[in-house]
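To start, the structure under review is shown below, and the notes come after it.
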Amino acid sequence: MNFVRYRVTDEDGTFLDEFATNSPDFARERIGRIRKYRPNLTVTETDDNR
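Residue numbers (our numbering): 127 to 176.
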């Protein structure tokens with residue numbers, strides 16, 4: 127399985143969330159929930175396959 131690690135920070139660089147998933151739909155939904163309250167997010171995606 128190919129997993130992608132998502133790290134979410136706000137515009138000030140404050141860490142908000144980090145998770146790994148193999149479902150882009152799940153990631154989009156989870157990030158979307160955060161984006162409701164903090165619209166200017168930075169999302170970094172990295173390969174999480176070890």
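We put the CB at the ideal spot given by N, CA and C, even for glycine.
What residue range is occupied by the uninterrupted beta strand (DSSP E) comprising Asp143? Against the sequence shown, residue 143 aligns to sequence position 17. Run containing Asp143: 141–147, per the beta strand (DSSP E) assignment.
Own chain, CB closer than 7 Å to Asn166, minus 5 neighbours either side, in chain order: Taking the sequence shown and counting its residues from 1, the one referred to as residue 166 is at position 40. Within the same chain, Asn166 has close Cβ partners Asp136, Glu137.
Can you give me the start and stop residues for the beta strand (DSSP E) that Asp151 sits inside? Stepping through the sequence shown from its first residue, residue 151 is reached at position 25. No beta strand (DSSP E) holds Asp151; the alpha helix (DSSP H) holding it covers 150–161.
Identify every residue that forms a DSSP beta bridge with Asp173. As a working mapping, residue 173 is identified with position 47 in the sequence shown. DSSP output for Asp173 lists Val130 as bridge partner(s).
Where Thr147 and Thr170 are concerned, what is the direct C-alpha to C-alpha distance, given to the nearest angstrom? Taking the first residue of the sequence shown as 1, we reach residue 147 at position 21. Taking the first residue of the sequence shown as 1, we reach residue 170 at position 44. Approximately 13 Å between the Cα atoms of the pair.
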